[in-house]
Amino acid sequence: MADTPEVPPATGPRGFARRVFDSFWRVGWPRDERAALRALLQSLVLHVHAPKVRPSALTFRATWGLGFVSLILLGALTATGVYLMFYYSPHPSAAYRSMKDIDFVLPFGLLTRNVHRWAAHAMVFLVTLHMVRVFLSGGYKAPREANWVVGVLAWVSTLALSFTGYLLPWDQLAFWAVTVGANMVAAVPGVGPDLRVLLLGDAAVGEPALLRFYVLHCVVLPLVILGLVSFHVFRVRKDGGLVTTEHAPALPDGTRPRMVPAWPHLLYREVVLTLVTVVVLLAVSLWVDAPLEPEADPARTPNPAKAPWYFLGVQELAHYSAFWGGVFVPAALVLGLCALPYFDRGTAGLGRYFPRERWLACTLFSATMVFLAVVTLIGTLFRGPGWAFGWYWP
Ligand code: HEM
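Each residue of the sequence shown is one higher than the one before, starting from 31 at the first, in the numbering used here.
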C-alpha cells in the first residue's frame, strides 16, 4: 500500500482547499486497524502516543482527564502569556500602568489576562489532583518511579511558575503576597536571609525582584516545565502506558488484554477534553475578571498580608512555627514524595483506587492531603487582621 494518500484533483476552491489541507494532514479517518497504525507512525502529533492503548486506559475514571487537561492549560498559559508579554513592562515605574493598558486599552486584553490568571490557578489545582489520582492508583510504582519524581519536580515548578507570575501586576496583592512568600524563604535556618536576597536581588521586594521574577516567569520556568512535561509524557508511553488493573501482577486468568489503536480511540477523547477545557476556561474568563488592586505601596502593609492561596496552608503552619511550619513541613513533603516509590514497593492492588491491599498507604497519603487542604482553607477563609481567627472571605 502506498504511504501517502491519493491527491484529489484540485477543481475549484473546495478542491484546492482540500489539497492544501491534505498536504499538512495526511491522516484520514482510519478504515481498518492497519490504516490506523500506519497513520500513527506517519504523524508527528499522533506519534506522541503509543500506537496501541489498553481499552481500560481509555475510560474516564482511569485518569479523570487530569494530566491531559493540565497539558492543555499549559498550552493556554503559553499562548496568552506571549500576547501579554508584548504589552507588559517589567519595571516598577511602568508595570502597573501596563496592566491597566492591558485591561482597558488592548483589544481582548482583559479576556487574555483573565484566561491567563484562571488557567494558572486551575493548573495548580488540577496538577495536584492529578498527583493524588496517580498515588491512589499506585501509578508511582515500578517501573514508573522516575516518572513520578519528574512529576513531583513538575509540580514544584508549576507552583514556582504561578508564584513568580503573582508579582508581575505590581499591585498591593502582588507585592505583599510575594513579600510574605519571600519571608518564608528567609526562615530557612542559616542560609534563609541569603536565599531571600538571591530570590529578590535585594533584602525586600523592589526593582531587582520584579526583573528576576519576570525572567523566571517568562523564560526560565516555562522552559523547565516544557522540558519536564515533554519527558514526563514520553515516559508515560515508555513505561508501558497507564497503570490499570491489567497491570496487576496476579491476573487471575493470565489473559493478555486486547489493545486498540490510539487513533481514533484516544485522540478523539483528547479532542473532546480540549474543547471542553477551552469552553469552560473562556466562560469563566468572560464571567469573572482577574483582580487588580491599587498599585503596590511598600509603605502601606495590608492586614493581614497573605501569600497566594496555594501557600496559605504553609503560611498558616508558619504562624505556629516559622521553621517547622514554613520550612520543615514543605521540604519533608517534597522529599518524602520523591522518595516514596523507592520505599513503597508492593505490587498488589495496582490500577484500582484505594484498594484494600494498599489501605494503609492510601489512608496516610489522603490524611496528609486532607490536612494540607484544611490548613489552606483555614488560612484562606478563617484568618483576618493580625492573623486572628474568624470568618473572612478573601
Ligand atoms: C505539569 C504537570 C503535569 C502534566 C502536564 C502531566 C501530564 C500527564 C499525562 C498527560 C499523563 C497521562 C494521562 C493521565 O494520567 O492523566 C500523566 C501520567 C502520569 N503522571 Fe503526570 N503530569 C503532570 C504532573 C505530575 C505530577 C505532579 C505527578 C506526581 C507527583 C505525576 C505523575 C505521573 C505518573 C506517575 C503518571 C503515569 C500514571 C499511571 O501510570 O497511572 N504527574 N501525566
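Glycine included, every Cβ here is placed at the ideal spot set by N, Cα and C.
Is the closest heavy atom of the ligand NAD to the C-beta of residue i under 7 Å?
{"i": "F384", "result": "The ligand NAD is not part of the structure shown, which contains the ligand HEM as its ligands."}
Report yes if the C-beta of residue i is less than 7 Å from at least one heavy atom of the ligand HEM; otherwise report no.
{"i": "H79", "result": "no"}
{"i": "S167", "result": "yes"}
{"i": "M161", "result": "yes"}
{"i": "H247", "result": "no"}
{"i": "V310", "result": "no"}
{"i": "A395", "result": "One detail in the question is off: residue 395 reads as Phe in this sequence, not Ala. The answer is no for F395."}
{"i": "V266", "result": "yes"}
{"i": "L140", "result": "no"}
{"i": "V301", "result": "no"}
{"i": "F98", "result": "yes"}
{"i": "A184", "result": "yes"}
{"i": "N177", "result": "yes"}
{"i": "H262", "result": "yes"}
{"i": "I255", "result": "yes"}
{"i": "Y170", "result": "yes"}
{"i": "T108", "result": "no"}
{"i": "T307", "result": "no"}
Would residue i be called buried (16 or more neighbouring beta carbons within 10 Å of its own) or exposed?
{"i": "W59", "result": "exposed"}
{"i": "H160", "result": "buried"}
{"i": "Q72", "result": "exposed"}
{"i": "F419", "result": "exposed"}
{"i": "T274", "result": "buried"}
{"i": "H247", "result": "buried"}
{"i": "T331", "result": "exposed"}
{"i": "A280", "result": "Because A280 sits at a pLDDT of 45, beneath the cut-off of 50, its placement in the model cannot be relied upon, and the point is left open."}
{"i": "D232", "result": "exposed"}
{"i": "R91", "result": "exposed"}
{"i": "A32", "result": "The predicted position of A32 is uncertain, since its pLDDT is 44 and thus under 50; a value taken from the coordinates is nonetheless stated next. That one is exposed."}
{"i": "W354", "result": "exposed"}
{"i": "F116", "result": "exposed"}
{"i": "G270", "result": "exposed"}
{"i": "D201", "result": "buried"}
{"i": "F165", "result": "buried"}
{"i": "L347", "result": "buried"}
{"i": "A216", "result": "buried"}
So residue i and residue j are supposed to be a Cβ contact under 8 Å. How far apart are they, rounded?
{"i": "H349", "j": "W417", "result": "6 Å"}
{"i": "V154", "j": "S192", "result": "5 Å"}
{"i": "L96", "j": "L156", "result": "5 Å"}
{"i": "I255", "j": "T188", "result": "7 Å"}
{"i": "V314", "j": "W148", "result": "5 Å"}
{"i": "L114", "j": "H151", "result": "16 Å between Cβ atoms; not a contact."}
Return no unless some Cβ of chain C is closer than 8 Å to the Cβ of residue i.
{"i": "V83", "result": "No chain C is part of this structure, which consists of one protein chain only."}
| Every unbroken beta strand (DSSP E) inside the region 294 to 334 [3 residues or more] | As far as the region 294 to 334 is concerned, it has no whole beta strand (DSSP E) run of at least 3 residues.
| message | Count Cβ pairs between the region 61 to 70 and the region 292 to 302 that sit closer than 8 Å; are there 3 or more? | response | yes
| Cβ pair count under 8 Å reaching 3, the region 126 to 134 against the region 322 to 333 | yes
| query | Quick one: any contact between the region 162 to 177 and the region 223 to 235, if contact means 3 or more CB pairs under 8 Å? | reply | Contact between the region 162 to 177 and the region 223 to 235 is absent, because fewer than three Cβ pairs lie under 8 Å.
| said: If contact is defined by three or more beta carbon pairs under 8 Å, each pair taking one atom from either stretch, is the region 301 to 318 in contact with the region 95 to 110? | reply: yes
| message | Measuring CB atoms only, is the region 188 to 197 touching the region 330 to 350, in the sense that at least three cross pairs come out at less than 8 Å? | response | yes
| field | Cβ pair count under 8 Å reaching 3, the region 177 to 188 against the region 253 to 270 | value | yes
| task | Any chance you could list the alpha helix (DSSP H) runs of at least 4 consecutive residues sitting entirely within the region 325 to 379, in chain order? | result | 342 to 350, 359 to 373
| request: Counting only runs of 4+ residues fully inside the region 164 to 202, write out the alpha helix (DSSP H) ranges in chain order. | output: The DSSP assignment places 175 to 197 as complete runs of the alpha helix (DSSP H) inside the region 164 to 202, in order along the chain (cut-off: 4 residues).
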